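Chains as they are written, first to last, in our numbering: chain E, 456 to 818; chain D, 456 to 818. All remarks here apply to the structure that follows.
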């Protein structure tokens, strides 16, 4: 785990955007729009204060926030910037107490940087951590769900400031209801869910992931000719194959983007062929019908030369990539975690084999 | 308009259930389930107080409530009885003031009687009036919409007490978002929308429709051998055709029931054939390709012998019916009203011709 940073300025933000694509597992949305919004917000309002839970009183309220929906839509359906105020107001009114801090829902792509914009515009600090330690496609795939913590009162807000507050029977119902609302709103929207006091957040929080992502971004920025090797030093990287993207199939429906990419081996992997399947995030890598890696471990296509992560909606024919895997946060590797985000939760009838068991590190 | 009643006991409730099917235009859901719930609630809690707007202070809050969705689903997806408490709590919390009275959203079928159950269980009085003066299938088809009064904060609640609070950009967005939520909830749910103070409600309210429906029910109950003639004395009735249902086609999707029925003339109408098309409510009656009557006028299939209304989900082969039309409330017959609920609002490229212009009364 990295040293906890206390502030996000422009450089940290740029590093964060890069780091978020590496540990996102292909999801969380392309960070470009969020990065521009956050840069603008920081220029207008100054750096964002990054806090730890101990900086808050036990009873203070934290709202995890991010976009939900299909990342393919997020590229062009751009937030207005007013969503965070609506999210905070709606939840604060329902709970009868003010929001003390924001936090990223997931540490991936757009959703790693957009909360920075929201913290800057609302003046609220941002908690250094998140609820996935990567990105996942569905709302019950957040660590609080493992501890029976409800995702509600949770709110979905679109760029017209239309707010929908959900108080469902359970977190899976929340996913179902929010997903159809998001689909009706055009395929993506902003959300604030799993509002928690600092005391409650202590158990589910995956801490310091914001600092971690900024650290990864800065390592890649400062790496010389071998960014993949430098990246492996910062975070254990298990390369599955080096190759060229030769086919991509993608469809956007029901508030998700689903599809697959075929990668043909190059360099030392010539003659191999791998297929990556995704639902917003990369779920599985298959070779000759066998799984090389699966969720919950983090599967990311890294640019062969820059080590930047490639989000699923930006996979394109001809890209030279390293299919890389990273260990999932430990909370997801328990039996309870695997029930929610293991391969079977996504319909794959295979057992989860931890990536470090099946593969060697880059060195 | 009838004399305003001040209380709904068991007899009034039974009459209300019958009256609601006559003026519903085929919609609002089969009243049976709502009637049983309301009877039970009245037996446990005593009669419901029926009030007029002048019985409230200007600033007191009224919540119009009813089920939304497909009436075919309402027959078997039964409310828990807890929905009204959730509706009132959610709206009161959002607006920061208590709910002083309930009111039927529409005067039709189930939706005319269910608010009686809710008033009895919450102990709140019920306003003598509604926002349609009949039943219509969509949420923007309420009189407040004609005056720019927002339907939100509005809430949808299902029998699991799952609550969804909507604050959309306009009433048409509300319809769109609530409809997909209801569809996800299984096809129907309870709702509280267009919360208004008594002062605001004064303009859109269609007054005394609860008393009117009870009056109609009691006229039918007390009628001798000619209930249709008695009914015509209570409310001007324009009979379009007497016939037998020879075909019904119905499909439930997207939170509506849509379909059509074919009626073959009997008695004096032998040789004629009429087609009725519906979206929850009857929209148009066609004969030889020409419209005999259209929305917003109220088109109801009345039982040939009892003069009870037949809701669209209960139309069955072999029923002997009178296809009857009634004048719509005047608010719907203005150009602004016709924009929202005229034949073109439902996709029919025909002009609205008031039923009293085209047809004679029963006598």
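No residue lacks a Cβ here, since even glycine has one placed at the ideal position from N, Cα and C. Fair warning: this is a prediction, and the values are worked out from it, not measured in the lab.
If you drop the 5 nearest sequence neighbours on each side, which residues of the same chain put their C-beta closer than 6 Å to that of residue 667/D? The residue labelled residue 667/D in the question sits at position 212 within the second chain. For residue 667/D, same chain residues with a beta-carbon under 6 Å away, outside a window of 5 residues either side, are 457 in chain order.
Do you know offhand how far residue 673/E's Cα is from residue 541/E's? Position 218 of the first chain, counted from the first residue, corresponds to residue 673/E. Position 86 of the first chain, counted from the first residue, corresponds to residue 541/E. Those two C-alpha atoms are separated by around 33 Å.
4-residue-minimum alpha helix (DSSP H) runs that sit fully inside the segment 464–538 of chain E, ordered along the chain: The DSSP assignment places 465–477, 487–500 and 526–529 as complete runs of the alpha helix (DSSP H) inside the segment 464–538 of chain E, in order along the chain (cut-off: 4 residues).
So, with DSSP's three-state summary, where would you put residue 654/E? On the first chain, residue 654/E is found 199 positions in, with the first residue counted as 1. If DSSP states are grouped into helix, strand and coil, residue 654/E belongs with the helices.
DSSP on residue 634/E, reduced to helix/strand/coil? Residue numbering aside, residue 634/E sits at position 179 when the first chain is read from its first letter. In the structure shown, residue 634/E sits in a helix (DSSP, three-state: H, G or I).
Residue nearest to residue 650/D in terms of C-alpha spacing, selected from 793/D, 516/D, 529/D and 740/D: For the purposes of this step, residue 650/D is taken as residue 195 along the second chain, with counting starting at 1. Restricting attention to 793/D, 516/D, 529/D and 740/D, the CA atom closest to the CA of residue 650/D is found in 516/D.
Contacts around residue 733/E, its chain only, beta-carbon distance under 8 Å, and the 5 residues preceding and following it disregarded: Walking along the first chain from the start, residue 733/E turns up at place 278. Cβ-Cβ distances below 8 Å link residue 733/E to 481, 482, 712, 713, 714, 715, 716 and 767 in the same chain, with the five nearest sequence neighbours on each side left out; the list follows chain order.
When Cβ atoms are compared, which residues of the segment 594–623 of chain E fall closer than 8 Å to chain D? Of all residues in the segment 594–623 of chain E, 615, 616, 617, 618, 619, 620, 621, 622 and 623 have a Cβ within less than 8 Å of some Cβ in chain D.
For residue 739/D, count neighbouring Cβ atoms within 10 angstroms of its own Cβ and tell me buried if that reaches 16, exposed if not. In the second chain, residue 739/D corresponds to position 284, counting from 1. Label assigned to residue 739/D: buried.
Check whether the Cβ of residue 639/E lies closer than 8 Å to any Cβ atom in chain D. What you label residue 639/E is simply residue 184 of the first chain in a count that begins at 1. With 8 Å as the cut-off, residue 639/E counts as an interface residue toward chain D.
Is there a Cβ from chain E that is less than 8 Å from the Cβ of residue 707/D? For the purposes of this step, residue 707/D is taken as residue 252 along the second chain, with counting starting at 1. Chain E, which has no Cβ nearer than 8 Å to the Cβ of residue 707/D, makes this no.
8 Å is my cut-off, CB to CB: does residue 576/E come that close to chain D? Position 121 of the first chain, counted from the first residue, corresponds to residue 576/E. For residue 576/E, the answer is no, since every Cβ of chain D falls outside 8 Å of its Cβ.
Look at residue 750/E and residue 595/E and say whether their C-beta atoms are less than 8 Å apart. Translated into positions along the first chain, residue 750/E becomes position 295. Translated into positions along the first chain, residue 595/E becomes position 140. Taking 8 Å as the Cβ cut-off, residue 750/E and residue 595/E do not qualify as a contacting pair.
What does residue 527/D touch in chain E if you count any residue whose Cβ is under 9 Å from its own? In the second chain, counting from the first residue as 1, residue 527/D sits at position 72. When 9 Å is used as the limit between beta carbons, residue 527/D is near no residue of chain E, the shortest such separation being about 20 Å.
Is the beta carbon of residue 543/E sitting closer than 8 Å to the one on residue 568/E? Here the question's residue 543/E lines up with position 88 in the first chain. Here the question's residue 568/E lines up with position 113 in the first chain. Taking C-beta atoms as the reference points, residue 543/E and residue 568/E fail to come closer than 8 Å.
Starting from residue 566/E, trace the alpha helix (DSSP H) in both directions and tell me its first and last residue. Start at 1 with the first residue of the first chain, and residue 566/E comes out as number 111. Here the alpha helix (DSSP H) through residue 566/E covers 564–577.
Could you check whether the segment 675–690 of chain E touches the segment 596–608 of chain E, counting it as contact only if at least three pairs of C-beta atoms, one from each stretch, sit closer than 8 Å? Too few Cβ pairs lie closer than 8 Å, so no.
Within 8 Å, strictly: CB atoms of residue 700/D and residue 759/D: Indexing the second chain from 1 puts residue 700/D at position 245. Indexing the second chain from 1 puts residue 759/D at position 304. Taking 8 Å as the cut-off, the Cβ atoms of residue 700/D and residue 759/D do not count as close.
Which residues in the same chain as residue 779/E place their Cβ atom closer than 6 Å to its Cβ, once the five residues preceding and following it in sequence are excluded? The residue given as residue 779/E occupies position 324 in the first chain. Only residues of its own chain outside the window of five on either side were considered, and among them 692, 694, 755 and 757 have a CB closer than 6 Å to the CB of residue 779/E, listed in chain order.
Kindly say whether residue 461/E, judged by its beta-carbon, lies nearer than 8 Å to any beta-carbon of chain D. Position 6 of the first chain, counting from 1, holds the residue named residue 461/E. Proximity of residue 461/E to chain D, defined by a Cβ-Cβ separation below 8 Å, is not satisfied.
As a quick exercise: from 790/E, 587/E, 528/E and 806/E, pick the residue whose alpha carbon is nearest that of residue 396/E. Nothing about residue 396/E can be read from this structure; chain E reaches only from 456 to 818.
Assign residue 817/E to one of three DSSP states: helix, strand, or coil. The sequence position of residue 817/E within the first chain is 362, counting from 1. Coil at residue 817/E, not helix or strand.
Does residue 566/D pass the burial test, meaning 16 or more other C-beta atoms within 10 Å, or should it be called exposed? Numbered from 1 along the second chain, position 111 holds the residue referred to as residue 566/D. So residue 566/D ends up on the buried side.
Taking C-beta to C-beta, are residue 640/D and residue 762/D nearer than 8 Å? Position 185 of the second chain, counting from 1, holds the residue named residue 640/D. Position 307 of the second chain, counting from 1, holds the residue named residue 762/D. No, the pair does not count as a contact, with Cβ atoms beyond the cut-off.
Among residues of its own chain, excluding the 5 on either side of residue 662/E, which ones have a beta-carbon nearer than 6 Å to its beta-carbon? Residue numbering aside, residue 662/E sits at position 207 when the first chain is read from its first letter. The beta carbon of residue 662/E sits closer than 6 Å to the beta carbons of 584 from its chain, once the five residues preceding and following it are set aside; these are given in chain order.
Would you call the CB atoms of residue 697/D and residue 720/D closer than 8 Å? The residue you call residue 697/D lines up with position 242 of the second chain. The residue you call residue 720/D lines up with position 265 of the second chain. Contact flag set, yes.
Using a Cβ-Cβ cut-off of 7 Å (strictly less than) and excluding sequence neighbours within five positions of residue 637/D, which residues of its own chain qualify? Numbered from its first residue, the second chain carries residue 637/D at position 182. If we look at residue 637/D and ignore the five residues flanking it on each side, its Cβ neighbours are 523, 524, 611, 643, 644 and 710.
Chain E residues whose Cβ lies nearer than 8 Å to that of residue 632/D: As a first step, residue 632/D must be located in the second chain, where it is residue number 177. Residues of chain E passing the Cβ test: 617, 619, 636, 639 and 640.
Using 8 Å for Cβ pairs, my map puts residue 646/D next to residue 521/D. What's the rounded Cβ distance? On the second chain, position 191 is the one that residue 646/D refers to. On the second chain, position 66 is the one that residue 521/D refers to. Indeed, because the Cβ distance is near 6 Å, the residues count as touching under 8 Å.
Does the contact criterion of 3 or more C-beta pairs under 8 Å hold for the segment 499–506 of chain E versus the segment 457–469 of chain E? These segments touch.
Could you tell me if residue 571/E is buried or exposed, where buried requires 16 or more neighbouring beta carbons within 10 angstroms of its beta carbon? If you number the first chain from 1, residue 571/E lands on position 116. Per the 10 Å Cβ criterion, buried.
Give every residue of the same chain whose Cβ lies closer than 8 Å to the Cβ of residue 724/D, excluding the five residues on either side of it in the sequence, and list them in chain order. Here residue 724/D corresponds to residue number 269 of the second chain, with the count starting at 1. If the five residues before and after residue 724/D are omitted, its C-beta is found closer than 8 Å to the C-beta atoms of 696, 697 and 698, all from its own chain and listed in chain order.
Looking at the C-beta of residue 549/E, does it have a partner C-beta in chain D at a distance below 8 Å? Looking up residue 549/E in the first chain gives position 94. Look at residue 549/E: its C-beta is under 8 Å from a C-beta on chain D.
Residue 533/D burial status per 10 Å Cβ neighbour count (16 or more: buried): Within the second chain, residue 533/D is the residue found at index 78, counting from 1. Exposed, since its Cβ has fewer than 16 Cβ neighbours within 10 Å.
Taking just the CA atoms, how far does residue 579/D sit from residue 883/D? For residue 883/D there is no data in the structure shown, the boundaries of chain D being 456 and 818.
Can you check DSSP and say which residues form a bridge with residue 715/E? The residue you call residue 715/E lines up with position 260 of the first chain. Bridge partners of residue 715/E: 704/E and 732/E.
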